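Visitor:
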Amino acid sequence: MTSQVSSPAEQADGAVVGEQRRAAGAKDVRRLDRVIIRFAGDSGDGMQLTGDRFTSETASFGNDLSTLPNFPAEIRAPAGTLPGVSSFQLHFADHDILTPGDAPNVLVAMNPAALRANIGDLPRGAEIIVNTDEFTKRAMQKVGYEASPLEDGSLDGYNLHPVPLTTLTVEALKEFELSRKEAERSKNMFALGLLSWMYHRPTEGTEKFLKSKFAKKPDIAAANIAAFRAGWNFGETTEDFAVSYEVAPAAKAFPVGTYRNISGNLALAYGLVAAGRQADLPLFLGSYPITPASDILHELSRHKNFGVRTFQAEDEIAGIGAALGAAFGGALAVTTTSGPGVALKSETIGLAVSLELPLVVVDIQRGGPSTGLPTKTEQADLLQAMYGRNGEAPVPVVAPCTPADCFDAALEAARIALTYRTPVFLLSDGYLANGSEPWRIPELDELPDLRVQFAQGPNHTLADGTEVFWPYKRDARTLARPWAIPGTPGLEHRIGGIEKQDGTGNISYDPANHDFMVRTRQAKVDGIEVPDVEVDDPGGADTLVLGWGSTYGPITAAVRRLRTAGVPIAQAHLRHLNPFPKNLGAVLKRYDKVVIPEMNLGQLATLVRAKYLVDAHSYNQVNGMPFKAEQLATALKEAIDG
Numbered sequence: 010m011t012s013q014v015s016s017p018a019e020q021a022d023g024a025v026v027g028e029q030r031r032a033a034g035a036k037d038v039r040r041l042d043r044v045i046i047r048f049a050g051d052s053g054d055g056m057q058l059t060g061d062r063f064t065s066e067t068a069s070f071g072n073d074l075s076t077l078p079n080f081p082a083e084i085r086a087p088a089g090t091l092p093g094v095s096s097f098q099l100h101f102a103d104h105d106i107l108t109p110g111d112a113p114n115v116l117v118a119m120n121p122a123a124l125r126a127n128i129g130d131l132p133r134g135a136e137i138i139v140n141t142d143e144f145t146k147r148a149m150q151k152v153g154y155e156a157s158p159l160e161d162g163s164l165d166g167y168n169l170h171p172v173p174l175t176t177l178t179v180e181a182l183k184e185f186e187l188s189r190k191e192a193e194r195s196k197n198m199f200a201l202g203l204l205s206w207m208y209h210r211p212t213e214g215t216e217k218f219l220k221s222k223f224a225k226k227p228d229i230a231a232a233n234i235a236a237f238r239a240g241w242n243f244g245e246t247t248e249d250f251a252v253s254y255e256v257a258p259a260a261k262a263f264p265v266g267t268y269r270n271i272s273g274n275l276a277l278a279y280g281l282v283a284a285g286r287q288a289d290l291p292l293f294l295g296s297y298p299i300t301p302a303s304d305i306l307h308e309l310s311r312h313k314n315f316g317v318r319t320f321q322a323e324d325e326i327a328g329i330g331a332a333l334g335a336a337f338g339g340a341l342a343v344t345t346t347s348g349p350g351v352a353l354k355s356e357t358i359g360l361a362v363s364l365e366l367p368l369v370v371v372d373i374q375r376g377g378p379s380t381g382l383p384t385k386t387e388q389a390d391l392l393q394a395m396y397g398r399n400g401e402a403p404v405p406v407v408a409p410c411t412p413a414d415c416f417d418a419a420l421e422a423a424r425i426a427l428t429y430r431t432p433v434f435l436l437s438d439g440y441l442a443n444g445s446e447p448w449r450i451p452e453l454d455e456l457p458d459l460r461v462q463f464a465q466g467p468n469h470t471l472a473d474g475t476e477v478f479w480p481y482k483r484d485a486r487t488l489a490r491p492w493a494i495p496g497t498p499g500l501e502h503r504i505g506g507i508e509k510q511d512g513t514g515n516i517s518y519d520p521a522n523h524d525f526m527v528r529t530r531q532a533k534v535d536g537i538e539v540p541d542v543e544v545d546d547p548g549g550a551d552t553l554v555l556g557w558g559s560t561y562g563p564i565t566a567a568v569r570r571l572r573t574a575g576v577p578i579a580q581a582h583l584r585h586l587n588p589f590p591k592n593l594g595a596v597l598k599r600y601d602k603v604v605i606p607e608m609n610l611g612q613l614a615t616l617v618r619a620k621y622l623v624d625a626h627s628y629n630q631v632n633g634m635p636f637k638a639e640q641l642a643t644a645l646k647e648a649i650d651g
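So the sequence shown is residues 10 to 651, counted in the working numbering.
Structure below.
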């Protein structure tokens, strides 16, 4: 995702630009504290690119922001149909925000399908900008409109702006030697220019981006820039848009530092690169492309200069097999996938548990089961990560809570894997992976030291005084076994999936030894040092809302709404799901009610009930979309009153 860098110290420049524009134009300018915009159209209309560019300019201006891309799973869904609608929602503000917003203030609808698919989410009084050129009789009938919604009064409750975007774009590009079809493709840039004028977004970054993107096709670059400028000028001159809006930079929302806009997958990739550097190890990714995890493979393949090696395997099993081989060879090994891929990787994850080698397994969760909903979000792989292997094969589980937090979660997963010699699950999801927010770029001295000591020689003395290397002789504190690099003289040892003898690593079928090894591997995971869970409790709360993963934003926004209304409620959020923080049981017992919202049918609630014997209440949603803050606030209030 294209991003811009900014810092709070520089954000005042954006306000100056706003003052200059206000002085230059006669139209009314209104200041808002936040806005939610949704771009919607066919999957071929460039809505994701349009949203990305608006987001990047918003980030450079200094607003806090949160995004929600939403697109079909098909490469090219049928044009003009409801299943083919692609949208991009952006919430930006002059203060700290947590979600992409519940309901858009502005909808840009490129065709009838986009309008019909999204109109139900709009509150009365919202702005609707429609491309009237696409509202033909055939296009409207395709999505069930018997009469034009632009003329039948059904949109009277909204502030409707009918704009012939296609015609205006073609007219603006008539000086270019383009066919009508080629010119029409730039209508998304016209719309972007119009919205950029409407909300006083910077323009320089977008023009620079277009020149770079179409560097080999300068005529196309010039045409897109011309369409973008034409959209801006249209907003400036047309009578239909009498008001523009300003949202000031969120200078007070961020600590001092250098910021950039970042998506979850990009943050996760950067976190893995940073982990490799902090461990002073080569980073190896063995992966097979799968939505929504593929972006991590794409990004890591660009960073060979940081000692990163990527291998796109022929299938999921080969991808993790190569990664585990790299771990055996002394690399920080990673494999990335989504839920269906985890199922295929399960046997090799079990092998990694048995071999006790560091391996980071990244699962970007999506709707299931089977191939399910590839482009929709869900967090229903928790029990699969916990138990989805044969035998007793415990694996630590870490989950980021925001797109930017994916960077820190990657470092934490690597720390656990390297310190305790174990595979580790990192559970992100499609909402975090594709969504974005401002991220403060950390200083180098803020990153953890992840360096490890490889085995160098014998570590055990036999009864006869002979010094030997035992591959399963454990560290007293961590229970981790030594990490021996192949080819190191004197460190030859057996390896494979059959049960090992304690200490020697020899094949063993002894019942007592198997019992001991199973319990030892479990004890190693149980003993992983993780921070205590922090509780946000202003005092007087009888109800605790407990979350994990990407529910953090909606839960926190809902909790804020309740507290603003005078309702006492406490909140805690889990990053470590296996093992749980040591103080979690004591925290849960302090409250009369515990509510756990999840985008599944109650998987964390099941674990909490089983381990702590707490009557946790589930609030569940599995519709492929993140929770809305208002929806959660209502459910939590009902739980408190019930």
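All residues carry an ideal CB built from backbone N, CA and C; glycine is no exception. These figures come from a predicted structure and were not determined experimentally.
#1: With a threshold of 16 other CB atoms inside 10 Å of the CB of Gly134, please say whether the residue is buried or exposed.
#2: Within the same chain, show all residues whose beta-carbon is closer than 7 Å to that of His502, passing over the 5 residues directly before and after it, in chain order.
#3: Can you tell which of Ala361, Ala112, Gln321 has the C-alpha that lies nearest to the C-alpha of Pro635?
#4: Whole-angstrom Cβ separation of Ala419 and Ala284, contact assumed at under 8 Å?
#5: Between Gly295 and Thr344, which are expected to be in contact by the criterion C-beta below 8 Å, what is the C-beta distance as a whole number of angstroms?
#6: Can you look up Lys226 in the DSSP assignment and give me helix, strand or coil?
#7: In this structure, does DSSP put Thr497 in helix, strand or coil?
#8: Who does Tyr254 pair with in a DSSP beta bridge?
#9: Apart from the five residues just before and just after Phe416, which ones in its own chain have a Cβ nearer than 6 Å to its Cβ?
#10: Buried or exposed: where does Gln580 fall if 16 or more other Cβ atoms within 10 Å of its Cβ makes it buried?
#11: So, using beta-carbon positions, are Thr122 and Gly93 closer together than 8 Å?
#12: Considering Cα atoms alone, identify which of His585, Asp551, Trp557 is closest to Ala651.
#13: So if DSSP puts Leu292 in a beta bridge, which residue, or which two residues, is it bridged to?
#14: Which runs of the alpha helix (DSSP H) spanning at least 4 residues fall entirely within the region 459-547, listed in chain order?
#15: Using a 10 Å radius around the Cβ and a threshold of 16 neighbouring Cβ atoms, would you call Glu647 buried or exposed?
#16: Do Ala262 and Asp105 come within 8 Å of each other at the CB atom, strictly closer than that value?
#17: Taking the straight line between their C-alpha atoms, what separation do you get for Trp448 and Phe243?
#18: Taking just the CA atoms, how far does Glu193 sit from Leu616?
#19: DSSP three-state call for Tyr268: helix, strand or coil?
#20: Using a Cβ-Cβ cutoff of less than 7 Å, which residues in the same chain neighbour Phe144 once the five nearest sequence positions on both sides are dropped?
#21: State the DSSP-derived secondary structure class of Gly71, mapped to helix, strand or coil.
#22: Spatial neighbours of Glu476 within its chain, please: C-beta separation below 6 Å, excluding the five flanking residues on both sides.
#23: One question on the structure: do Leu201 and Phe250 come within less than 8 Å of each other, judged by their Cβ atoms?
#24: Going by the CB atoms, is the gap between Lys354 and Ile329 shorter than 8 Å?
#25: Pop quiz: Ile138 and Val172 are said to be a contact at Cβ under 8 Å. What is the actual Cβ separation, rounded to whole angstroms?
#26: Which term fits Gln98, buried or exposed, when burial requires 16 or more other beta carbons within 10 angstroms of its beta carbon?
#27: Going straight from the alpha carbon of Ala32 to that of Val38, what length do you get?
#28: If distances are taken between C-alpha atoms only, which option among Ala230, Ser69, Thr141 comes closest to His209?
#29: When the Cα atoms are used, what is the spatial distance from Leu391 to Leu436?
#30: When you compare the region 393-413 with the region 326-340, are there three or more beta-carbon pairs, one atom per stretch, that lie closer than 8 Å?
#31: Which same chain residues, not among the five before or five after Lys591, have their C-beta less than 7 Å away from its C-beta?
#32: Taking the continuous beta strand (DSSP E) assigned at Tyr440, which residues delimit it?
#33: Just the Cα atoms here: how many angstroms apart are Asn233 and Ile358?
#34: May I ask whether a heavy atom of the ligand SAM can be found less than 7 Å away from the beta carbon of Phe243?
#35: Using DSSP bridges, identify the partner residues of His582.
#36: Using only the alpha-carbon positions, how far apart do Arg618 and Lys217 sit?
Guide: In this structure, then:
#1: exposed
#2: Phe478, Pro480, Ala493, Gly514
#3: Ala112
#4: 6 Å
#5: 5 Å
#6: coil
#7: coil
#8: Arg39
#9: Ala276, Tyr279, Gly280
#10: buried
#11: Note on identity: in this sequence residue 122 is Ala, with Thr being the wrong assignment. Cβ atoms of Ala122 and Gly93: closer than 8 Å.
#12: Reading off the sequence shown, one finds Gly at residue 651, where the question assumed Ala. With distances taken between Cα atoms, Gly651 lies closest to Asp551.
#13: Val317, Leu341
#14: 520-535
#15: exposed
#16: yes
#17: 34 Å
#18: 53 Å
#19: strand
#20: Pro121, Ser157, Leu159
#21: coil
#22: Pro467, Thr470
#23: no
#24: yes
#25: 6 Å
#26: buried
#27: Only weak support is given to the placement of Ala32: the predicted model assigns it a pLDDT of 47, under 50, and the value that follows is read from those uncertain coordinates. Whole-angstrom Cα-Cα distance: 10 Å.
#28: Ser69
#29: 8 Å
#30: no
#31: Asp541
#32: Where Tyr440 is concerned, there is no enclosing beta strand (DSSP E), although the alpha helix (DSSP H) it sits in stretches over 439-443.
#33: 48 Å
#34: For the ligand SAM, the structure offers nothing, since it holds no ligand at all.
#35: Gly556
#36: 54 Å
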